[in-house]
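The numbering of the sequence shown is the working numbering, which starts it at 274 and goes up by one.
Glycine included, C-beta positions come from ideal geometry on N, C-alpha and C.
If you're wondering where the values come from, they're calculated on a predicted model, not measured in any experiment.
Input: a single structure, listed below in structure tokens.
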Amino acid sequence: MELILTIVVAVVVVLGLGIGVAFLLRGRKTKPGTYPTTRDENDPPAGGAGASATEAPPEAAPPAGTDGVETDAVETEVPVEEPEVEAVPLDVPEPALGRLARLRARLVKSNNALGKGLLRLLSQDRIDEDVWDEIEETLLLADLGTDATMELVDNLRERVTVEGLREPEKVRAILREELIKLLAPELDRSIASDRREGRPAVVMVVGVNGVGKTTTIGKMARVLVAEDKDVLLGAADTFRAAAAEQLATWGARVGVPTVRSDVDGADPASVAFEAVKAGMEQEVDVVMVDTAGRLQNKVGLMDELGKIKRVIEKQATVDEVLLVLDATTGQNGLNQAKVFAEVVDITGIVLTKLDGTAKGGIVVAIQRQLGVPVKLVGLGEGADDLAPFEAGDFVDALLD
């Protein structure tokens, strides 16, 4: 009899333990609807900042006084605080007028051999052939070019002789008029930056190695943003490892997106095509495409530049091809310009490092040789040291 009672008690205990375990397990389940919104597979679990998206959500603590046993009480959802993302402050580019004033002031303070040398020679009491020879030499050293130098000297000779002027102010006025005339102020120096026919303006930027094309594009983006333009950049310089990253950094400073390839050595034409396509889809005002630096005597590289332009034009017209030149290269820069103009139809020049003032005459030489205007000039390394070129302001800076 005792054996039977023992067996019955054991059975009751086992059943009791089983029922208790079942209730405990039910109490650990997460009820449907615990999450207030649908979670994507890529969403991180709430409260797990660095957790994988596939991890299970953490178990909720049981309500007080229930000892882990499920009750009829309604579960209270605890709101999850979203981490605050600190906004990166964007640069505010300087407007064009401020840039022009600052660039002019910098040029005035520089070692300006061209304007100061001419004024000194023309203001002498007696201007003989030796003086005219010095004037001619000064102009040639300033990279004005032979034709432009001869034209300017002839015009100055005639006016000084006929009008008999020696007073510095009057001589300065004559010299100013003649220099501005050489700079062809009637040329259109505006940058294509407005949408046309339902598409963005497309600007290609080209040049040899080391002239600072990528930096120039970054500075140009700032100029356009200051004019309230919606800009997109295309990093088609896929040969230089840091070029795309550098361009993206410049764009990020002023809130401008950059289309780039994740593959090193990707086809530049393909990247340029995708950039223009993205610009059309996003309805931006202007797309600027960076290209790899290349030597003007490398036929293969120059042919590839032409290919980039042709591929872009399968979906949109290239409205502007800007050639970036280093003003300190002098006549060598003129030779570069000739070759690039034969390949991609240059529409404008961006002249950097113009604070090497002995080379100021290269502006005249390039414009006369190519028949295209200098549109932008830079006088320093600062982010806003690039401004639209104005013939009158440039000459005034040379003569002040």
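Under DSSP, residue 561 forms a beta bridge with 476 and 506. Per DSSP, reduced to three states, the secondary structure at residue 650 is strand.
Relative to the Cα of residue 392, the nearest Cα in the group 365, 424, 444 and 399 belongs to 444. An exposed status is given to residue 280, since fewer than 16 other beta-carbon atoms sit within 10 Å of its beta-carbon. An exposed status is given to residue 556, since fewer than 16 other beta-carbon atoms sit within 10 Å of its beta-carbon. Within the DSSP bridge table, the entry for residue 590 names no partner.
Of the candidates 614, 605 and 542, the residue whose Cα lies closest to the Cα of residue 588 is 542. In this structure, the alpha-carbon of residue 481 lies about 18 Å from that of residue 492. For residue 398, the number of other beta carbons within 10 angstroms of its own is below 16, and it is reported as exposed. In the three-state reduction of the DSSP assignment, residue 464 falls in the coil class, being assigned neither a helical nor a strand state. Taking the Cβ atoms as the reference, residue 574 lies roughly 17 Å from residue 598, outside the contact range of under 8 Å. Beta-bridge analysis with DSSP links residue 599 to 625.
Per DSSP, residue 541 is one residue of the alpha helix (DSSP H) stretching across 541-555. The three-state secondary structure of residue 489, taken from DSSP, is helix. The criterion of a C-beta distance shorter than 8 Å is not satisfied by residue 477 and residue 650. If you check the CB distance, residue 531 and residue 520 come in under 8 Å. The shortest C-alpha to C-alpha distance from residue 515 to any of 505, 500 and 488 is the one to 488. Within the same chain, Cβ atoms closer than 6 Å to the Cβ of residue 523 are found at 491, the five residues on either side in sequence being excluded. Apart from the 5 residues on each side of it in sequence, residue 498 sits with its Cβ closer than 7 Å to the Cβ of 366, 504, 527 and 529 in its chain, given in chain order. Judged by DSSP secondary structure, residue 659 falls within the beta strand (DSSP E) whose first and last residues are 659-661.
Between residue 453 and residue 636, the C-beta gap is not smaller than 8 Å, which leaves the two residues out of contact. C-alpha of residue 467 to C-alpha of residue 644: approximately 23 Å in a straight line.
Taking residue 606 as the centre and dropping the five residues before and after it, the same chain places the C-beta of 598, 599, 600, 635 and 639 closer than 8 Å to its C-beta, in chain order. Sequence-distant partners of residue 563 (beyond 5 residues in either direction) whose C-beta falls short of 8 Å from its own C-beta, in its chain, are 478, 486, 487, 490, 506, 507, 508, 509, 510, 516 and 520. Comparing alpha-carbon positions, the option among 594, 558, 428 and 416 lying closest to residue 619 turns out to be 594. Distances from the CA of residue 661 to each of 457, 423, 596 and 496 were compared; the closest alpha carbon is that of 496.
Within a 10 Å sphere around the beta-carbon of residue 406 sit fewer than 16 other beta-carbons, which makes this residue exposed.
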